[in-house]
Every structure is written in C-alpha cells, then in structure tokens.
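Protein chains in written order, with the working numbering: chain A, 278 to 653; chain B, 1437 to 1716; chain C, 2 to 312. For glycine and all other residues, C-beta sits at the position ideal for the given N, C-alpha and C. Predicted model only: the values in this text are computed from it and were never measured. See structure below.
Here's what the structure looks like:
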C-alpha cells in the first residue's frame, strides 16, 4: 500500500470541516483520482498528502511510514500544480534539475537525467529557455517533467490540464495516460472533470462536502453510483432521475414509474430481489442514463408516454430532449429527460414517443437519503 | 500599460496637439530643476544679474568652490555611508520580516503589518528629541551609527509594507513547488522569491535610499561636525546676508544626478512602487 | 502539595499534540525568527521615544540646565492652550496642509486625466513628471528660494514681463504661506497625479466602452464613472498626503524658517524652535504631542480604511 489515509480531517478555524474523516488506501502504481465539484475538499486532501497543509486529525502514511508530521520537503512526493508553478527566473534545465541539485546528486547525473526527461517529453530544444518564453502546452510538459525526473514515491497532480485549451487538453490526457502506463508511479490526481477522471483513472474517489462518497473503478462509479450525488456528477449529459414507487406483484417486487394522471403508460420493472431496506413510503428514485433510455414509436405496456421537444446533434450521436406532459414532479432535477439516439434519427417537435429502459440498466435510490438501494 | 481610448478622446491631429500640450506641461513643471542645474554652471556675476540669463559660457567654478571651500566631499561620503548602510539593513530586515508576514502563519500577522505601517506616520519632530538626549548619553551623537539606527527605524516600516506588497503577488504555488523540491524557508526566500521580486526589492531600496539621502531634520539634530550629511551641509549655504546660489546649484545637481539615472532605469517598477498600497 | 501518581503520568505524557502540530510549531518558530529582528527593533525604537517624550512633555526641562528639570504634570499643555503663538501655528499647519492637499488633488486629477490616454511617449513623460517627488527638500527649498528672490528671482522677472508688480514673496506676511504651499504642491502633485492615473487605468476598458455606448461626454465620464470608482484611492492618497503635510518641516524651515512673523510657522517648526532654539524641551515635547495626536486621528482613519479593504 503506497498511501494510507486514516480518518483524515481538516478544519479551518470555526468553519465546517473542509475534509472530514477520509479513509483511503491507494495501491502501488495506481492512478487514483479525487473527483468532485470545487470546494469538495479534493485539493485539500491532495495538499495534505503533499504536506503543504497540516492535518487537523488523522494520519497519513506513505509506503508504511507515518508522515503526518513530516515536512513536505522530506516526504519524497512530487506535485504538478494547476498553475504549473515553474520558477520564472530559471531556465527549463534549472527548473527540471532543482530538486536533484538540492539532493546533492552529481552534476553529471543531473545533466543526463534532464536530457533524458527532455527527450521523453519533447523539450529538447527548450532547455535554455525561461518559462515565460514557452507556450501553455510546453509549460505543462516542463511541470510534468519536473515531477517525473525525481522518480518520487508519489506523483500528485492538481488539475494539471485545466489551463490548456480543449484540444490540447485531450491530447495531453492521452500523453499522461501513456506516461503512467510506462512509468507506473503511484499517482493521485485531482480534477473536477468527470470525463477526465473516467478516461485516466484506475480508481476514482468521488468527494462532496469534505467526505468520500464512493471509491471504485470508472465503470463502478458510472454504472453503480453510491448515491444520487455521484449519479448526477458522473456522466454527461447527466443521468435522468424519475420518481417511482415499489409495489408487490404477487411474490415479486416491482418498481413502477407512473405516467401522467390519465394512466397512459407507466414504466415497470420487476426487481430481481427485494432491496436491502424497503423505504417506508414505498417511493424510490429511479436513475436512468441517457443511453439506457430507449425511444419507441409505438405504445406498449410498460412504456412511458413522452413528447419530443427537440434533438441535439452531437456528431457521433444525438440527444433527444423529451417532456412528459401532465406529470408534475415525475422528473427530478430538470423538467425534461434526455435520451441518446442514433445520429441519423430525427423527430419532429411534439412527436409522441414511448420510452423504455434498456434491460436492467437503471439504479434505485432512497428518496430521503439519496443513497443507492442495492438489490439484496 | 496602455489606456483604452476614453470617451471624447480625440484622435489624429487634435490628439497630436494634446500630446504636445502634455509634453509642454511636463517640461514647464520641471523648469525649476532645469533652472538650478543651469545655475550651477554660472559665475556669481551671472547669477546675481537682475535679468535672468539663459545663455552663457558654462563654468565648473561652483563645483570647485563646493569641494574646496565647503569640503563637500566629507558630507557626501558621510551621506553615502549612512544611506547605504541604512538601505542594506532595511532591505535585509525588511525581506525577512515581510516574508514571514506574507507567507507564514504569524499569529496576529495582519495586525503587526498594519501596526508597522502606522509607524510610517510618526512625525519625526516628535521622536528626534528623545533620540537627541539618549544619543548624547550613550555617546553616539554625531556618529554614523547614531543616524543609521534612527534611519533604519524610520524606513523599515514602509519598506516592509512595500516588500510585503510585492511578495503577496508572487503565487504561493511557487513556494510550495520549491518546498516539494526540498528547499527550506530561507532557501526559498533566497533562491526563488528574491530573484522573482528583484525589481520590487530594487524599488524599495531606491525609496529607502532616496528618503534617507534627502532627510534633513534628524541629521540636523543628531549630527554636527563629524557625521554631518549633505542636506545639513547644503542648508549652511544660507548665510546671514546672502545665499551661495552657485554652491546650492552645484550641490543640488550632484544630489539630483544619481536619482535621475535610477528613476529612468527602473521607471516601470517605480510606478508600481509608488502606487503600491493605494491602488489595488 | 502531594505528588500523586496521576500528576506524574500527566507530566510524562506532556502536552498532547494534534497531528501536524509539530510541523506547525516549527513553522511558527521559523516565522518568529524571521520577524523578530524587525519587530523587536521597531518596538524598541518607538516605545522608548514615545514614553520618553511623553514623560518629558510633563517636565520643565531646559536643555542648557538639565539638572534643574522638575516634574510639572500637565502644566506645559495648559500653557500651550493659552499661548497665542501655539494657536497661530495650529492654524498655519492646517491651512498649509489642507490648501496643499486641495490644490494637489485639483491639479493631480486634471493631469492624471490628461495622461490617461494611449499614446507613444506617455511613459517617458510620466517618468519625467515623477522626478520632483524624489528631490531633496533642502535643495528644492533653496532652488525655490532662489526663484522667489525679489530682485533677481525668476518669478518676479516673469511677473514684470507680464506687466504685474514685483512681490517680495518670502518677506510678505500675505504671500509667504502661499509661496511655501506652491513648493509643496510642485513636489507632491506628481505623486497624487500618478496614483490617480494608476487608479484610472485600472478601470476596465469595457466600463469605458459601455460609458461611450451610453453616450457619456468626457466630462460626464469623469464625473459619473471615474470619480466614484476612484473614491477609495482618493481617500487613501488623500490621507497619506494630509499626514505628510502636517509633519512637513524641512521644506518650510529652509524656505522661510517659519517667518515672516508667524506667517509660515507650523507646529513642527514651533516644536523645533521651542526645543532647539529656546531649549525648552518640556514645552517642545508637549507641542510635538499635540501634533502626534492630530496625525494619529488621520492615521487611524487610514489604517481602518486599509484593514477594511484587506479583509
């Protein structure tokens, strides 16, 4: 285990804790992402691992050594800052070599390692330039190189791509992934961009209000979110959430999303087994990803009647934006539903369609706590 | 720095006239400086001419007189010793203190910073008397040390305030990156912060230097023969029945020259220094 | 007191440190080390003279006979309140400071507005314009004294050229104070102007463009947009200048020595003459303290403004 956080809490003055009781175990060589909206405590957590921020309570261990009280400079961690934090008065070569120089590594070796890193990150022609003379992408690579050259126990990255424009960000994302595949250095990565997290990570920890909501691999957090917050935060466009209820159907339990008052159409699914805790009210929230919402032209039992508002072409796919007439409170968060459709499909405005859910690709949440209700 | 076109601002020909007007205004404003420099090259006869003379054969007579009769070299050296020492001490103490105030968690740091700034407003006349008596008692009246100590006290608060202003503009990430690279606080200050805020340090040093170099009241009270500075010596050109205008001109020119050079070398940063604290 | 097993155990455990506290503590020790030299020095250098001069202001202390010093309590202050010259110098100090301030802002605002355009050469002109701020008050005072000279001074020469009468500037009780104010205005208007200019240039171009689209004239733009936005800057600079003007000694001392009569006799000059010409150190200290109190009112206001903005 490379990094172990035990009950880590951070409080600033009298404010509510920025990070509360985080327990984490990050494996050797893992690419681990802390994901969440701004202010969720992910950066604070990262900075506590770095030693830039003292923990209020709890412990942090790196490779089995308790570093809670060890100053940042003795922790053997390297960090890529959001702003890159390159030393403006030093050349790229000096920026890359500073840590090695501080650690009294022979000059010849420093030179070799800087050259090697420069080759790896395509910085060869730039070694004598100052950061001010580099483009955004080049600066980003220098920042990366400054971390890589140290071969540290841990890489920490604080939104390293957020200052790049969209195209460069996607390219660099791929580069970063390749780099990690080849070096396999344990990496803790902070981002608020869920797609970045899904693409890069071995595992993702979703944070909100200073607490860990879920830790899992990208597929798990996407397909089986721990609560409605995670469900909404991950995926774009975000998940559709509908109000439903649980009903006994003979021996079996069934979830039903009722249609409008006139009783035309309702979504129905038989649950494989009863949820662990049956909510007293019998109501549940049903989450369905846009790609799992299927549009049919004709009515059939178990299909929900909807009206097409418009279609948003996205290139490879399109999104149909749908409304359910006369169904107040049926749809949560928004007042429409989004379904992924093929790029060649088109619908006239106000076309009446019938919605169904693909197989068992839905999740249930407790309407009170928002927690997922896993099937028994 | 460039200003956008403001409403009603004229372009082209009339704009050119406006530019010429501004240039004319600035030159008019600086006329007294031109006049005193000019005077320094005049003979006493021309100086006392009833009608001001603009064209004449320049002479270095006044400068010779200044150094020969008034032994101007001694106060000049005194001024340079006192001012340079003051500046060095102020910058060193100021850098350490402002780094602690800007970058580290000092309990009550904000109040300390404001308290220090408030010292800038202390009227010199109110504290020169205690120093006069105390310096006499401990025997450092009319010495370089005596003046340096007081000058450091008078310039340090503002220097800390200015340096702190330059420091808080350096992104904190830079310190943290250096920390992770294995540098301690003093190394960060020396190897990272200092090079980055070097222009700000230079400006602070110049402000300190200039104000110490020009200071009159404390030098007047705390020095007499040995440690007398340039302003004190120059004020002695006022004699009961006449003023030695030629020497005034020559000494003023000598005082002005280094300042002019420095102001031009660091013009952009000096603007920053002047506006620091007032505009944010 | 009996030492119980309980106390012993507590002692051995020592103060319980929260995790990370050791790091925070060494950080604080470092900060103290860096700050302490400046802090301790300044504390010493302000506390000592403050207490000393306060104590002295309650003494009858003649510099030529220190052995005769006696404690007189608040008598020096009561005497001041009944002293005509003291009140005159308070008046002169206020007139000097407020008039200089007002004129510096009036001219400064116009000049800043003049400089506030995008034109080549503006930087050089700005740099030239700042020079007076850095000139030595002694050299400067003498330069102006030369120009005010009644017989061969430049100013009278120009007045005459314009068909106006010559004025004996520094010997006239009417003209001496305006003449001294003019020199202060000359030296410090550039400071005020350039800070106002920096304030103007920090107004975003979009606001300017919006004002233009709203059809504001240059005057309306200045009055309705620039002035309100600059108000905080004006307050800060105004207070700095006001305080510095209240303390002014060198310039006035060099140009007029406070004369003629009490025409330019400000509080700092009064304190200086009382102490170092008449050797009445007690009274001098009392006068200084009145000045300190006046300055402190404005300094407190200044610090309050600044701390509010920093928060």
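Test: residue i CB closer than 9 angstroms to a CB of chain B
| i | result |
| --- | --- |
| residue 354 of chain A | yes |
| residue 102 of chain C | no |
| residue 251 of chain C | yes |
| residue 318 of chain A | no |
| residue 359 of chain A | yes |
| residue 16 of chain C | Any reading at residue 16 of chain C must be qualified, since the residue scores a pLDDT of 42, below 50, and its modelled position is unreliable; no value is offered. |
| residue 351 of chain A | yes |
| residue 644 of chain A | no |
| residue 185 of chain C | no |
| residue 348 of chain A | yes |
| residue 293 of chain C | yes |
| residue 300 of chain C | yes |
| residue 4 of chain C | Any reading at residue 4 of chain C needs caution, since the residue's pLDDT is 40, under 50, leaving its predicted position unreliable; the model's value is listed next. Closer than 9 angstroms: no. |
| residue 421 of chain A | no |
| residue 78 of chain C | no |
| residue 329 of chain A | yes |
| residue 49 of chain C | yes |
Test item: CB-CB of residue i and residue j under 9 angstroms
| i | j | result |
| --- | --- | --- |
| residue 350 of chain A | residue 318 of chain A | no |
| residue 1465 of chain B | residue 130 of chain C | yes |
| residue 1561 of chain B | residue 250 of chain C | yes |
| residue 464 of chain A | residue 434 of chain A | yes |
| residue 306 of chain C | residue 90 of chain C | no |
| residue 404 of chain A | residue 1617 of chain B | no |
| residue 333 of chain A | residue 294 of chain A | yes |
| residue 579 of chain A | residue 544 of chain A | yes |
| residue 170 of chain C | residue 154 of chain C | yes |
| residue 252 of chain C | residue 141 of chain C | yes |
| residue 98 of chain C | residue 290 of chain C | no |
| residue 490 of chain A | residue 506 of chain A | yes |
| residue 691 of chain A | residue 588 of chain A | Any question about residue 691 of chain A goes unanswered here, given that chain A covers just 278 to 653. |
Any C-beta of chain C under 9 angstroms from that of residue i
| i | result |
| --- | --- |
| residue 1501 of chain B | no |
| residue 1676 of chain B | no |
| residue 1716 of chain B | Because the pLDDT at residue 1716 of chain B is just 43, under 50, the model does not fix this residue reliably, and the value given afterwards should be weighed accordingly. At least one chain C Cβ lies under 9 angstroms of residue 1716 of chain B. |
| residue 1471 of chain B | yes |
Beta-carbon proximity list for residue i, same chain, < 6 angstroms, skipping 5 on both sides
| i | result |
| --- | --- |
| residue 1707 of chain B | none |
| residue 1453 of chain B | none |
| residue 502 of chain A | 508 |
| residue 178 of chain C | 264, 265 |
| residue 1556 of chain B | 1593, 1594 |
Chain A contact for residue i (CB, 9 angstroms cutoff)
| i | result |
| --- | --- |
| residue 1437 of chain B | With a pLDDT of only 40 at residue 1437 of chain B, under 50, the local geometry of the prediction cannot be trusted, and no value is derived from it. |
| residue 1609 of chain B | yes |
| residue 1620 of chain B | yes |
| residue 1623 of chain B | yes |
| residue 1576 of chain B | no |
Chain-order list of residues whose beta-carbon lies under 7 angstroms from that of residue i (same chain, five-residue window excluded)
| i | result |
| --- | --- |
| residue 336 of chain A | 283, 343, 345 |
Beta-bridge pairing of residue i - partner residues as DSSP gives them
| i | result |
| --- | --- |
| residue 517 of chain A | A:565 |
| residue 409 of chain A | Paired residues: none, contrary to the question. |
| residue 493 of chain A | A:481 |
| residue 291 of chain A | Per DSSP, none; premise fails for residue 291 of chain A. |
| residue 32 of chain C | Residue 32 of chain C pairs with nothing; no bridge assigned. |
| residue 464 of chain A | A:308, A:432 |
| residue 72 of chain C | C:60 |
| residue 583 of chain A | A:630 |
8 angstroms CB neighbourhood of residue i in its chain, flanking five on each side removed
| i | result |
| --- | --- |
| residue 280 of chain C | 63, 64, 65 |
*chain B contacts made by the stretch 569-580 of chain A, where a contact means CB separation under 8 angstroms*: none
*Would you list, in chain order, the members of the stretch 1632-1643 of chain B that have their beta-carbon closer than 7 angstroms to a beta-carbon of chain A?*
1632
*the stretch 463-476 of chain A: positions lying closer than 8 angstroms to chain B by Cβ*: none
*Give, in chain order, every residue of the stretch 376-388 of chain A whose Cβ lies closer than 7 angstroms to some Cβ of chain B.*
376, 379, 380
*Would you list, in chain order, the members of the stretch 360-371 of chain A that have their beta-carbon closer than 7 angstroms to a beta-carbon of chain B?*
360, 362, 364, 365, 366
_Residues of the stretch 250-281 of chain C in Cβ contact with chain B at a cutoff of 7 angstroms, in chain order, please._
250, 251, 255, 269, 272, 273, 276, 277
*Closer than 8 angstroms, Cβ to Cβ, to anything on chain A: give me those residues from the stretch 1589-1618 of chain B, in chain order.*
1607, 1609, 1610, 1612, 1613, 1614, 1615, 1616, 1617, 1618
_Output needed in chain order: residues of the stretch 1509-1537 of chain B with a Cβ under 8 angstroms from some Cβ in chain C._
1529, 1530, 1532, 1533, 1535, 1536, 1537
*Pull out every residue of the stretch 140-153 of chain C whose Cβ sits closer than 9 angstroms to any Cβ of chain B, in chain order.*
140, 141, 142, 143, 144, 145, 146, 147, 148, 150, 152, 153
*asked:* Can you pull out the residues from the stretch 45-75 of chain C whose beta carbon lies closer than 8 angstroms to at least one beta carbon of chain B?
replied: 46, 47, 49, 50, 51, 53, 54, 57
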